[in-house]
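Peer 1:
Residue numbers (this note's numbering): 49 to 827.
So, in structure tokens, the structure goes:
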């Protein structure tokens with residue numbers, strides 16, 4: 049079933065945005081749960097269980113949707129778990145209308161009982177919960193609203209908590225009294241997605257969190273989900289250069305002096321390209337006409353077309369989004385002729401983020417604005433993110449359908465604190481205040497539960513997307529109290545501790561943050577003490593103790609990363625390494641046992657753990673060889689003329705500080721892996737190692753602390769990171785060349801070294817790469 053037809057028709061917050069929290073605070077819950085939920089006492093409006101006996105059946109329509117049947121079974125099962133009562137499920141034809149009953153879904157009986165009801169206002173996901181005399185009605189929009197009504201009743205009234213896909217709290221009582229309930233609510237965000245591993249991998253949990261995005265793979269009996277054909281970055285998937293560039297080079301971006309598809313985009317202004325792109329898009333839609341949305345979007349790189357026509361359009365529009373929307377609107381018009389309700393999704397991303405001044409997206413175009421450049425230590429409405437706020441306001445003014453792609457983790461390091469937790473609710477309110485109807489919150493999609501408070505983050509994001517008006521602090525404390533029990537006060541203080549620096553102006557934390565400078569030594573020591581207290585508080589509860597131990601992994605990792613080797617190695621060349629390596633092994637074993645799978649978006653944890661253990665050994669800088677001299681056997685000095693430079697992001701320059709007077713240079717304002725060195729079949733340094741590899745680089749610093757650049761080794765044949773690290777201004781801030789190392793067990797053709805700037809000219813203005821040293825370890 050398509051979820052798309054109602055997206056352009058936004059819900060009115062004035063008429064339909066009725067926060068459930070307020071309703072439930074006014075309609076006091078059952079006496080049995082009043083203390084549990086911290087709400088005032090009142091007389092029950094309806095009793096459905098007495099002494100463990102069900103007092104009424106659950107009624108579904110004879111023609112109930114699969115989701116409504118699921119809703120009835122879910123309610124039946126949870127009421128049994130709470131009270132022990134066995135509720136029968138019947139159809140409305142089997143039970144007289146005057147009898148006590150719990151009515152599920154949408155039926156003539158429900159419509160008659162409710163009278164005039166604006167069902168269309170409930171759209172796909174809106175909920176309707178009402179007590180009427182001896183009846184409880186649980187209904188909503190189709191296909192998911194009734195199911196969401198069930199979960200809202202169970203959670204907000206009866207106290208059920210689905211913390212994760214495998215960890216649930218079920219209150220117990222043999223009497224169930226319900227308060228007077230009258231709730232009608234349609235979420236402002238029609239599309240809600242928390243891109244974290246647990247809801248992605250567990251559709252039932254995703255449904256209980258009321259998320260419905262593309263990645264969750266929710267089956268029809270749980271209400272289905274939005275499906276975006278192609279997902280994103282589809283230009284070359286729709287028009288593969290291998291197929292079309294030869295006969296039609298004019299369809300691809302013009303850069304410099306020629307058309308070149310490598311690292312580029314489509315020529316969006318070209319009429320022939322637009323016609324073929326529409327034809328290919330229709331082929332995709334014909335295979336899945338129920339999807340409702342197709343992504344026709346730029347590639348995940350820069351390289352936009354600078355042909356005469358595209359440049360003219362972009363200059364007039366004040367943004368490269370001008371030529372993009374010119375092409376997208378042309379294709380969307382063709383799609384609308386064949387599929388009037390189909391939406392064409394495109395990205396406002398990197399160079400197209402700024403809205404055009406003279407072009408409006410077509411009625412069936414969905415714009416997804418991406419926040420990738422932002423400082424996530426600050427709210428997106430804050431002065432630090434003024435340019436993004438300006439862009440959001442600009443798109444609000446012209447786009448009928450507006451989504452957000454937001455970034456809520458650090459893709460460079462899943463295992464450090466990302467100081468963005470306190471901004472989550474404020475950002476969602478900022479979005480909904482500007483007509484946003486869908487949000488994709490991209491988090492850690494690889495680690496199930498072990499990482500930077502992943503269970504809390506997924507749960508909190510989902511609840512705030514469902515109702516952005518909710519108080520984030522209250523929700524956070526509800527989770528901490530329920531999930532960690534007696535350890536919660538210490539973990540609350542820890543979260544306040546690591547997020548407090550974000551309240552100070554000047555802290556920068558992008559979505560590739562690898563910077564720990566915001567944590568003082570005193571803060572780290574306090575964090576360690578808080579986790580020790582938390583562990584003591586739950587020592588008698590194995591499940592809670594494991595949860596606390598899992599969350600402590602991040603601060604254990606921080607301690608390893610903040611180890612100061614320099615002074616110790618000067619007097620004791622080996623003993624500090626033995627102690628450090630032992631702790632690194634302990635961390636690795638604990639992380640694997642607790643379920644860590646990935647260190648970063650591109651690197652599995654196993655390969656990272658080996659490099660983490662070798663940090664002490666690598667802290668002894670190698671003696672840099674003279675490039676004109678002979679190297680010992682097993683050592684290789686790769687100079688800049690052998691680098692592969694990509695696009696306009698890197699170039700060779702004269703640099704008197706470089707070993708031979710030349711180096712590769714990149715500006716600090718992007719994150720492209722623009723300087724690379726590939727390992728080819730004829731490379732003499734391939735095979736088993738271990739290999740000690742050093743990037744010799746320097747920067748022109750602006751800040752005194754924070755990230756300087758990133759570097760690593762990538763395996764293109766297996767599409768995975770072999771090793772990656774980040775250089776910090778604490779070392780690189782002197783502007784001189786230093787070696788920055790990784791240890792790799794094996795080098796093979798298809799792998800390549802890469803270096804990338806931090807994506808912020810507030811950190812550095814330029815990165816220079818002199819050479820790469822590769823040596824086979826004999827230790």
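C-beta: ideal position from N, C-alpha, C; glycine also. No experiment lies behind these values; they were computed from the predicted model shown.
Since I believe residue 129 is in contact with residue 185 (beta carbons under 8 angstroms), could you give me their beta-carbon distance rounded to a whole number of angstroms?
Peer 2: Actually they are not in contact, since the Cβ atoms of residue 185 and residue 129 sit about 22 angstroms apart, beyond 8 angstroms.
Peer 1: Determine the burial state of residue 761: buried for a count of at least 16 other Cβ atoms within 10 Å of its Cβ, exposed for fewer.
Peer 2: Buried, because 16 or more other Cβ atoms sit within 10 Å of the Cβ of residue 761.
Peer 1: How should residue 466 be labelled, buried or exposed, when 16 other C-beta atoms within 10 angstroms of its C-beta is the threshold for buried?
Peer 2: Buried.
Peer 1: Under 8 angstroms: do the segment 535–554 and the segment 244–256 share three or more Cβ pairs, one atom per stretch?
Peer 2: Contact between the segment 535–554 and the segment 244–256 is absent, because fewer than three Cβ pairs lie under 8 angstroms.
Peer 1: Since residue 724 and residue 801 are thought to touch, with beta carbons under 8 angstroms apart, how far apart are those beta carbons, to the nearest angstrom?
Peer 2: Residue 724 to residue 801, Cβ: 6 angstroms. Contact.
Peer 1: Check residue 464 in the structure and name its three-state DSSP category.
Peer 2: The answer is coil: DSSP assigns residue 464 none of H, G, I, E or B.
Peer 1: Along the chain, where does the alpha helix (DSSP H) containing residue 738 start, and where does it finish?
Peer 2: Where residue 738 is concerned, there is no enclosing alpha helix (DSSP H), although the beta strand (DSSP E) it sits in stretches over 735–749.
Peer 1: Is there contact here, the segment 208–225 with the segment 186–195, by at least three beta-carbon pairs under 8 angstroms?
Peer 2: Segments in contact, no.
Peer 1: Check whether the segment 765–776 and the segment 702–718 touch, using three or more Cβ-Cβ pairs below 8 angstroms as the test.
Peer 2: No contact exists between the segment 765–776 and the segment 702–718.
Peer 1: If you draw a straight line from the C-alpha of residue 613 to the C-alpha of residue 667, how long is it?
Peer 2: Distance between the alpha carbons of residue 613 and residue 667 is about 7 angstroms.
Peer 1: Between which residues of its own chain and residue 425 is the CB-CB distance below 7 angstroms, once the five residues before and five after are set aside?
Peer 2: Same-chain partners within the cutoff: 467, 468, 550, 555, 556 and 557.
Peer 1: Please report the distance separating the alpha-carbon of residue 71 from that of residue 339.
Peer 2: Because residue 71 carries a pLDDT of 35, less than 50, the predicted location of this residue cannot be relied on, and the following value inherits that uncertainty. In a straight line, the C-alpha of residue 71 is about 35 angstroms away from that of residue 339.
Peer 1: In the DSSP assignment, what residue or residues form a beta bridge with residue 216?
Peer 2: Answer is 210.
Peer 1: Under the assumption that residue 793 contacts residue 744 (Cβ atoms under 8 angstroms), give the Cβ distance between them as a whole number of angstroms.
Peer 2: That belief does not hold up - the Cβ atoms of residue 793 and residue 744 are roughly 22 angstroms apart, past 8 angstroms.
Peer 1: Count the other CB atoms, across all protein chains shown, that sit within 10 Å of the CB of residue 768; report buried if there are 16 or more and exposed otherwise.
Peer 2: Exposed, since its Cβ has fewer than 16 Cβ neighbours within 10 Å.
Peer 1: Ordered along the chain, which non-local residues of its own chain (more than five positions away) have a Cβ less than 7 angstroms from that of residue 255?
Peer 2: Here the set comprises 195, 266, 270 and 271.
Peer 1: Run through the DSSP bridge pairs and tell me what residue 712 is partnered with.
Peer 2: Note: residue 712 sits in a beta bridge opposite 700 and 817.
Peer 1: Any idea what DSSP makes of residue 169, helix, strand or coil?
Peer 2: DSSP places residue 169 in helix when its eight states are reduced to three.
Peer 1: Taking the alpha helix (DSSP H) that residue 599 falls in, what are its first and last residues?
Peer 2: Per DSSP, residue 599 belongs to the alpha helix (DSSP H) from 590–609.
Peer 1: Going by DSSP, name the residue or residues bridged to residue 96.
Peer 2: According to DSSP, which records beta bridges pairwise, residue 96 is partnered with nothing at all.
Peer 1: Keeping to the same chain, check which residues put their C-beta closer than 7 angstroms to that of residue 410; ignore five residues upstream and five downstream.
Peer 2: So the list reads 377, 380 and 381, once near-sequence residues are dropped.
Peer 1: Residue range of the alpha helix (DSSP H) that residue 579 falls in?
Peer 2: Element bounds for residue 579: 569–585.
Peer 1: Return the CA-CA distance between residue 117 and residue 503, expressed in angstroms with no decimal places.
Peer 2: Distance between the alpha carbons of residue 117 and residue 503 is about 29 angstroms.
Peer 1: Work out the CA separation of residue 226 and residue 636 for me, nearest whole Å.
Peer 2: The straight-line gap from Cα to Cα measures roughly 49 angstroms.
Peer 1: Where do the ends of the beta strand (DSSP E) carrying residue 240 lie?
Peer 2: It spans 239–243 - the beta strand (DSSP E) in which residue 240 sits, taken as one unbroken run.
Peer 1: Figure out for me which residue from 304, 324, 298 and 461 has the closest Cα to the Cα of residue 315.
Peer 2: For residue 315, the nearest C-alpha among the options comes from 298.
Peer 1: Residue 726 lies in the beta strand (DSSP E); which residues open and close that run?
Peer 2: Unbroken beta strand (DSSP E) run through residue 726: 723–726.
Peer 1: What first and last residue would you give for the beta strand (DSSP E) that runs through residue 299?
Peer 2: Residue 299 -> no beta strand (DSSP E), and no H or E assigned at all.
Peer 1: Can you tell me whether DSSP reads residue 687 as helix, strand or coil?
Peer 2: Residue 687: strand per DSSP, three-state reduction.
Peer 1: Give every residue of the same chain whose Cβ lies closer than 7 angstroms to the Cβ of residue 126, excluding the five residues on either side of it in the sequence, and list them in chain order.
Peer 2: Result list for residue 126: 202 and 208, in chain order.
Peer 1: Give the DSSP bridge partners of residue 775, in chain order.
Peer 2: BP columns for residue 775 point to 757.
Peer 1: Measuring CA to CA, which of 431, 673 and 236 is closest to residue 512?
Peer 2: Checking every option, the nearest Cα to that of residue 512 belongs to 236.
Peer 1: In chain order, what residues of the same chain have a beta carbon less than 6 angstroms from the beta carbon of residue 474, not counting five sequence neighbours either side?
Peer 2: Correct list, in chain order: 427.
Peer 1: Can you tell me whether residue 282 is helix, strand or coil according to DSSP?
Peer 2: Residue 282: coil per DSSP, three-state reduction.
Peer 1: How long is the line joining the alpha carbons of residue 662 and residue 693, rounded to whole angstroms?
Peer 2: Those two C-alpha atoms are separated by around 29 angstroms.
Peer 1: Residue 547 by DSSP, collapsed to three states: which one?
Peer 2: Residue 547 falls in the helix class under three-state DSSP.
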